[in-house]
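>
Residue numbers (the UniProt record's numbering), protein chains in the order written: chain A, 1 to 425; chain B, 1 to 425; chain C, 1 to 425; chain D, 1 to 425.
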């Protein structure tokens with residue numbers, strides 16, 4: 001490119017584009033589609049600032065990758081394979097290309113996987129494929145390989161997907177910025193200064209351990225404060241149930257008052273690449289808008305709830321799960337709620353830092369510390385803090401149900417239900 | 001309310017709700033609809049962070065108004081009419097309630113006015129009206145009066161609409177935050193400290209003049225850097241032309257492959273309140289998605305351009321306007337572009353600070369400085385800076401046209417057009 | 001006060017003074033003296049931004065206390081003893097009043113304690129005492145009681161000194177701001193929202209546990225990244241040795257080329273309140289400036305090192321401590337360095353969160369979580385993270401010595417010393 | 001250098017040192033001395049955060065210069081003389097080397113000029129000179145030439161001293177950060193993107209005009225809100241008068257209870273380079289501390305006022321100056337204040353942007369806009385805003401006097417003085 005181009009970005013100030021290929025990829029229609037898909041799905045119903053798109057996140061992942069590589073090059077690290085630069089940048093930019101609208105709910109309802117769609121878009125008959133092919137005929141395959149973690153060079157894959165990758169670094173900073181919480185703000189510049197390529201891995205200088213602890217704590221906090229927020233989960237559950245209902249109605253031969261082809265094909269489980277690229281959150285939201293007028297009462301009701309943000313209420317419970325479910329199902333039916341659509345038990349969990357276990361099949365590359373004698377140590381061996389948040393973190397069980405449920409349940413007749421769902425803080 | 005409630009907000013950190021009425025208004029479906037309408041319309045195509053909604057802005061205007069009033073009350077200013085508190089807060093919260101999707105383009109294409117719709121929603125058969133009526137039967141009318149600036153107490157109106165109102169203060173800060181530019185960041189706390197009620201006006205302590213200059217300069221900068229950005233204008237123009245084309249097709253009896261009722265009614269100029277409330281940016285975007293497959297080539301092409309962000313290119317020109325237009329129209333037709341839809345002359349302008357002119361019909365209440373001898377002076381009498389940006393600011397004329405135009409125009413055959421549209425920086 | 005007054009503050013934006021007593025205290029000469037004492041002692045030699053004074057920190061502690069109390073009052077919490085408001089504010093403002101210049105080094109060299117001096121100033125013949133006495137004759141005693149933690153109401157003491165007090169909250173935010181690191185930035189507003197008075201304690205709502213974890217992690221990070229930074233320690237060690245040398249010289253009857261009374265009295269261990277109030281970092285630094293020209297070579301040399309920032313170098317070691325010390329002392333003497341002044345073994349440690357141990361004498365009030373059934377639980381019972389950083393944290397042993405030492409030690413003749421002090425990262 | 005080194009900086013996040021020469025210069029004792037001189041002199045008495053040193057500012061000017069040059073090199077601008085890189089960086093780092101403590105007051109009292117001292121240090125027998133001489137024997141002279149603006153290449157000089165130089169850019173951002181006001185925060189990255197070397201000048205791309213306007217407005221605001229703050233001026237005036245009094249006493253043969261050599265030589269007007277380098281704000285403050293106990297009542301009184309921040313009060317006046325002065329002098333003497341030391345008339349002024357005037361002797365290189373036809377235009381020809389703040393800006397006249405003056409002046413006997421000094425906001 002004759003001249004470096006920039007995008008104004010609230011998180012990184014500017015995003016610098018220095019390669020024609022990157023510029024062309026950004027301008028493809030498949031990449032522009034990411035503007036119409038929110039990074040955080042239904043979180044905007046909890047944090048009203050969280051309207052940012054996967055487009056902006058993708059640019060951010062690209063920018064962090066560019067900065068990392070630029071630092072590697074400036075320091076002339078010998079273990080850095082210079083020829084992989086453009087591949088890394090393209091994979092970083094495109095790794096989320098296959099995300100659909102409200103991925104969590106859609107994938108759960110219809111069994112699609114965004115990783116697969118990313119590769120289908122990269123390899124299919126698309127503008128993205130055309131741009132990548134111009135680099136070299138096998139370049140699209142390489143990019144898809146990095147995205148699917150099958151590419152042979154671990155160091156390339158780990159820049160984009162590992163416990164300490166450009167993806168996580170951008171989303172923590174970005175999601176913190178747009179939600180307005182400040183848990184996700186770790187010191188990116190410092191992290192960039194302490195990582196380096198070493199014998200095929202990205203490793204962390206021992207003196208950078210506290211910086212990595214800080215980054216992992218940010219992740220831990222963001223999971224519990226933002227990503228697993230019960231109001232967000234409530235909206236996801238509702239969406240999932242809307243689609244489950246629609247599928248059920250279709251299977252029963254119901255005629256929809258409003259339907260568009262890509263959604264129909266999704267329900268019929270025969271969605272094409274072309275259909276998929278038409279799907280975005282506008283289409284989904286529009287479906288909800290017009291389905292709120294459907295003659296099927298339950299479908300209409302659930303769509304209205306989502307649109308008007310009359311989400312299901314939640315209660316925390318510690319007791320015996322089976323018992324609760326059975327009791328809830330019974331009383332819901334007694335007062336006219338179908339528990340299939342009007343109740344859900346949810347149990348969020350996450351592994352903020354997943355310890356690497358030798359011999360096991362684990363996607364997540366561990367974080368390795370490099371000491372001044374060139375020994376590598378997995379970080380939980382050295383940090384009590386990381387150890388304390390590694391492994392399986394358990395959240396609380398929540399039960400979700402319509403706010404009106406308790407109105408219909410007389411406290412005198414149903415004291416046990418009132419106790420179970422008792423006032424929460 | 002038993003307990004103050006909060007919303008996490010990136011601009012104000014937290015938004016505090018202390019009145020049941022405010023809480024109930026936020027939870028109406030009409031207010032929730034504002035989540036689905038972007039604050040800055042098509043600006044997200046220029047600044048990818050600018051996805052924030054009118055919902056978040058409306059909360060922000062409410063919060064600033066709340067802070068102003070709280071400061072007035074804390075200082076026991078005698079000229080503050082305490083009984084107007086709730087009215088101010090409600091009007092602040094609801095002032096943008098009538099905004100539709102991509103207001104600029106839609107209003108230009110169909111002649112609707114969001115201010116009118118705000119009042120219709122407040123006064124109509126809506127959840128908002130119901131909540132307001134609970135305060136008192138004439139309360140909805142009062143709120144509508146403040147929004148339409150017909151309410152008798154100037155001081156109430158001026159908190160929500162004046163040269164130094166909560167609306168402007170919030171949008172400057174918010175738009176700066178989400179676009180990532182830092183031109184809009186003036187010192188809100190300082191402004192709050194220097195304003196006070198005085199004989200029916202909101203005035204500024206003389207010692208706060210520099211703070212107000214800073215605020216007005218922020219506005220000036222935001223207009224030229226963000227609001228009038230030619231790429232944003234290009235997208236607005238395209239949208240406007242899409243709707244103009246659709247209207248034209250409808251008038252000619254064209255049968256649309258895809259249409260939904262509220263849009264149809266809009267085109268037919270018989271849109272009801274119920275229809276209007278179904279309109280949001282999702283529906284609009286979905287129209288564009290499916291219209292991109294319409295058999296009418298021009299409609300399809302323009303929709304695709306918008307979706308894929310292949311916007312019209314722009315050139316600046318200083319010369320004779322009429323001549324340019326005529327020449328452009330001619331050559332466009334020669335190479336197969338209908339100039340009605342593929343060309344536009346645009347001329348942005350703004351009045352960063354509009355001087356009050358006695359005797360004239362002017363909506364914009366001026367900024368008055370109060371000196372230590374209790375004299376009021378209009379600010380341009382005292383500040384050279386404000387004077388320099390007051391009155392009419394002229395931007396450059398831009399001509400918008402498809403990027404491919406020049407490809408179709410041989411530089412040797414059309415040297416004058418190449419000259420006119422010559423390379424811009 | 002007729003009108004609220006403000007101080008512009010980079011951390012809290014503004015500091016609000018609403019009481020005449022607070023205003024008068026700030027204007028006493030004893031409080032103004034805190035402008036001449038840095039909050040972080042020698043840290044400015046590591047982080048050049050860390051020049052901020054104890055004056056600004058003291059205002060910050062006052063402001064956070066004011067905000068906490070204002071929130072308690074706004075929510076009408078019954079367990080909050082309203083009559084203690086002014087006492088809390090005064091104690092918060094004055095709690096660091098007795099700090100001298102470079103407290104760590106001075107206190108170590110001369111055995112003074114800043115807490116004692118705070119009380120002496122509050123109770124002595126001072127402007128501060130005069131202002132406090134105007135409130136009531138026993139008010140100075142009460143304030144001193146809170147500062148020394150002997151006051152009977154735990155809730156009052158704990159606002160100023162506990163594991164979650166206004167002091168710690170301000171210094172973390174302030175030190176992070178001025179050093180430029182971003183480890184110390186937790187969400188103050190959120191912390192304020194989750195604490196409340198409860199049966200004589202300040203407790204934390206259970207749902208605020210993650211916010212407290214975040215705050216404690218900030219402390220942990222600040223300790224390791226800033227407060228224990230080995231370069232800062234090196235400067236403290238040098239200062240301590242300068243004063244140890246001066247004391248030694250005085251005891252030997254040495255005549256100083258430059259001396260001022262307060263320092264002389266300090267060395268003679270007969271410093272009066274009046275002397276103490278003349279001590280500040282300017283006087284100390286001036287002593288160093290002129291002592292750098294003293295005829296005693298060691299004193300002059302050490303002072304020059306401090307002024308020109310030729311601090312002692314440090315090496316980390318893991319091995320047997322006694323052995324190292326003996327060997328180092330021996331070789332230092334061989335090459336002409338007196339190990340008493342030119343060597344130090346240092347071992348930083350901290351307890352980021354100190355668990356309360358029933359029955360033991362522990363100053364630090366624990367953090368208690370209040371659940372929705374009104375049970376109180378000490379936080380380590382609930383948080384793995386807090387548990388992982390509670391108790392004794394061990395840093396590395398460092399040995400400090402002049403950079404020129406190795407130049408004087410031939411690597412061939414002293415291979416073991418080179419090995420011990422081997423190149424560090 | 002083997003490896004790039006960094007300093008943590010609150011304004012620029014990190015400062016990157018890539019040249020051995022720069023590293024060595026920072027470690028000289030003359031440069032380390034700048035740690036003991038505040039960037040903003042007495043401003044810390046108005047804005048308590050403003051304790052930052054000239055050391056940190058000097059690093060900041062270096063860093064901005066480094067960024068500008070790095071951008072010029074990355075873009076391969078032909079008009080950039082690459083061989084001047086190190087010279088620019090050294091001059092940027094050292095341009096403030098000659099500043100003494102509280103420069104404004106000292107220079108006014110004793111007629112010294114910091115620019116001269118910068119050159120004397122660079123050219124004299126100093127560590128700085130030694131480091132520079134290692135580059136080449138004539139390198140110190142070149143550096144001094146750039147600092148004194150006598151170097152032949154305008155482009156080199158203008159990076160360090162012009163209307164849009166690294167010095168101003170750093171101090172606006174830094175002073176805003178440490179005072180906590182947010183007027184000084186312009187978009188540095190954007191400015192860096194729009195400047196470029198062109199035919200021996202640093203010019204601004206026309207499309208960057210608004211960014212430059214924003215920067216100039218920041219300067220304008222900082223001048224009126226911070227640099228000319230009357231409380232800061234009051235402290236400067238007091239300091240100036242302390243030194244004037246000391247000089248007067250010396251001239252009269254007074255024997256000081258406390259004196260140090262460098263100050264004595266300063267008063268005797270025979271200060272050597274070695275003396276000058278011993279002067280810092282600690283020494284000055286220490287003088288004030290011990291002079292506050294001098295037997296000369298006026299000297300002692302003024303020093304106490306400064307230390308305890310009992311500064312002179314100020315009143316604004318518009319009327320006839322001569323008359324006021326005469327009247328004030330008369331009544332001061334009547335009630336026992338010597339007007340030479342207890343009164344001052346002050347009149348701040350500044351030129352935020354000084355228009356270049358052809359043919360006149362003007363230090364300040366103007367800001368030139370480069371349009372797409374390669375024409376250069378001086379910015380006031382294009383910007384109404386810059387025009388409005390260019391030229392001479394007049395502040396108000398203030399008269400400074402002790403707060404107790406009015407107590408001694410009976411309002412009935414001196415109604416005119418009360419009127420003149422009447423209550424200010």
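Note that the Cβ used here is the ideal one computed from N, Cα and C, for glycine as well.
#1: Taking only beta-carbon positions, decide if residue 177 of chain C is within less than 8 Å of chain E.
#2: Could you say which of A:221, A:225, A:227 and A:208 lies nearest to residue 224 of chain C if we only look at CA atoms?
#3: Could you name the residues of the same chain whose beta carbon sits closer than 8 Å to that of residue 272 of chain D, not counting the 5 residues immediately before and after it, in chain order?
#4: Using the C-alpha atoms, what's the distance from residue 93 of chain C back to residue 132 of chain C?
#5: Work out the CA separation of residue 66 of chain D and residue 97 of chain D for me, nearest whole Å.
#6: Residue 16 of chain B bridges to which residues according to DSSP?
#7: Is residue 307 of chain B near residue 249 of chain B, with beta carbons less than 8 Å apart?
#8: Is it buried or exposed for residue 295 of chain D, if we count other Cβ within 10 angstroms and need 16 for buried?
#9: Helix, strand or coil, according to DSSP, for residue 402 of chain D in the structure here?
#10: Determine, using beta carbons only, whether residue 371 of chain D and residue 380 of chain D come nearer to each other than 8 Å.
#11: By the three-class DSSP mapping on this structure, what secondary structure does residue 198 of chain D have?
#12: State yes or no: is the beta carbon of residue 161 of chain B nearer than 8 Å to at least one beta carbon in chain A?
#13: At a cut of 8 Å, does the segment 195-205 of chain D reach the segment 7-19 of chain D through at least three beta carbon pairs?
#14: Suppose the cutoff is 6 Å on Cβ atoms and the five residues either side in sequence are ignored; what does the same chain contact list for residue 358 of chain A look like?
#15: Step through the CB atoms of chain A and report whether any lies within less than 8 Å of the CB of residue 9 of chain B.
#16: Taking one C-beta from the segment 36-47 of chain C and one from the segment 99-109 of chain C each time, how about it: are there three or more such pairs within less than 8 Å?
#17: Based on the DSSP output, what are the partners of residue 315 of chain B in its beta bridges?
#18: Taking its Cβ as the centre, do 16 or more other Cβ atoms sit within 10 Å of residue 117 of chain D, making it buried, or is it exposed?
#19: Which value, in whole angstroms, describes the spacing of the CA atoms of residue 53 of chain C and residue 290 of chain D?
#20: So, does the CB of residue 21 of chain C fall closer than 8 Å to a CB anywhere in chain D?
#21: Residues of chain C with a CB under 8 Å from the CB of residue 504 of chain A: which are they?
#22: Would you kindly check if the distance between the Cβ of residue 245 of chain C and the Cβ of residue 332 of chain C is under 8 Å?
#23: Can you name, in chain order, every residue of its own chain whose Cβ lies under 7 Å from the Cβ of residue 361 of chain A, other than the five neighbours on each side?
#24: Quick check on residue 282 of chain A: buried or exposed, where buried means 16 or more other Cβ atoms within 10 Å of its Cβ?
#25: Apart from the five residues just before and just after residue 411 of chain C, which ones in its own chain have a Cβ nearer than 6 Å to its Cβ?
#26: Distance check for residue 95 of chain B and residue 347 of chain A, CA to CA, integer angstroms please.
#27: Going by alpha carbons, who is nearest to residue 211 of chain B out of B:140, B:258, B:278 and B:386?
Taking the coordinates as given:
#1: Absent from the structure is chain E; the protein chains it does hold are A, B, C and D.
#2: As a position in the third chain, residue 224 of chain C is number 224, starting the count at 1. Of A:221, A:225, A:227 and A:208, the residue nearest in Cα terms is A:208.
#3: For the purposes of this step, residue 272 of chain D is identified with residue 272 of the fourth chain, where counting begins at 1. If we look at residue 272 of chain D and ignore the five residues flanking it on each side, its Cβ neighbours are 265.
#4: Reading the third chain from its first residue, position 132 is the one you call residue 132 of chain C. Reading the third chain from its first residue, position 93 is the one you call residue 93 of chain C. The straight-line gap from Cα to Cα measures roughly 12 Å.
#5: As a working note, residue 97 of chain D is residue 97 in the fourth chain. As a working note, residue 66 of chain D is residue 66 in the fourth chain. Cα-Cα distance, rounded: 18 Å.
#6: On the second chain, residue 16 of chain B is found 16 positions in, with the first residue counted as 1. Its beta-bridge partners are B:6.
#7: Position 307 of the second chain, counting from 1, holds the residue named residue 307 of chain B. Position 249 of the second chain, counting from 1, holds the residue named residue 249 of chain B. No, they are not a contact pair.
#8: Numbered from 1 along the fourth chain, position 295 holds the residue referred to as residue 295 of chain D. Exposed.
#9: Reading the fourth chain from its first residue, position 402 is the one you call residue 402 of chain D. In this structure, residue 402 of chain D counts as coil in the three-state DSSP scheme.
#10: Taking the fourth chain and counting its residues from 1, the one referred to as residue 371 of chain D is at position 371. Taking the fourth chain and counting its residues from 1, the one referred to as residue 380 of chain D is at position 380. No, the Cβ-Cβ distance between residue 371 of chain D and residue 380 of chain D is not below 8 Å.
#11: Reading the fourth chain from its first residue, position 198 is the one you call residue 198 of chain D. Residue state, collapsed to three classes: strand.
#12: In the second chain, residue 161 of chain B corresponds to position 161, counting from 1. No, residue 161 of chain B lies away from the interface with chain A (no Cβ there is under 8 Å from its Cβ).
#13: no
#14: In the first chain, residue 358 of chain A corresponds to position 358, counting from 1. Any reading at residue 358 of chain A needs caution, since the residue's pLDDT is 46, under 50, leaving its predicted position unreliable; the model's value is listed next. Excluding sequence neighbours, residue 358 of chain A sits near nothing in its chain.
#15: In the second chain, the residue the question calls residue 9 of chain B occupies position 9. So, interface residue.
#16: yes
#17: Walking along the second chain from the start, residue 315 of chain B turns up at place 315. Residue 315 of chain B is bridged to B:399.
#18: Within the fourth chain, the letter at position 117 stands for residue 117 of chain D. Residue 117 of chain D is buried by the Cβ-count criterion.
#19: One-based indexing of the third chain puts residue 53 of chain C at position 53. One-based indexing of the fourth chain puts residue 290 of chain D at position 290. Answer to the nearest angstrom: the Cα atoms are 21 Å apart.
#20: The residue labelled residue 21 of chain C in the question sits at position 21 within the third chain. By this cut-off, residue 21 of chain C is not an interface position.
#21: Look at the range of chain A in this structure, 1 to 425, and you will see that residue 504 of chain A is not part of it.
#22: For the purposes of this step, residue 332 of chain C is taken as the residue at position 332 of the third chain. For the purposes of this step, residue 245 of chain C is taken as the residue at position 245 of the third chain. Their beta carbons are not under 8 Å apart, which means residue 332 of chain C does not touch residue 245 of chain C by this criterion.
#23: Here residue 361 of chain A refers to the residue found at position 361 of the first chain. In this prediction, residue 361 of chain A has a pLDDT of 45, which is less than 50 and means its spatial position is unreliable; nothing more can be read from the coordinates.
#24: Taking the first residue of the first chain as position 1, residue 282 of chain A is located at position 282. Classification for residue 282 of chain A: buried.
#25: What you label residue 411 of chain C is simply residue 411 of the third chain in a count that begins at 1. Excluding positions up to five away in sequence, the list reads 418.
#26: Here residue 347 of chain A is taken as the residue at index 347 of the first chain, counted from 1. Here residue 95 of chain B is taken as the residue at index 95 of the second chain, counted from 1. Straight-line Cα distance between these residues: approximately 41 Å.
#27: Position 211 of the second chain holds residue 211 of chain B. For residue 211 of chain B, the nearest C-alpha among the options comes from B:386.
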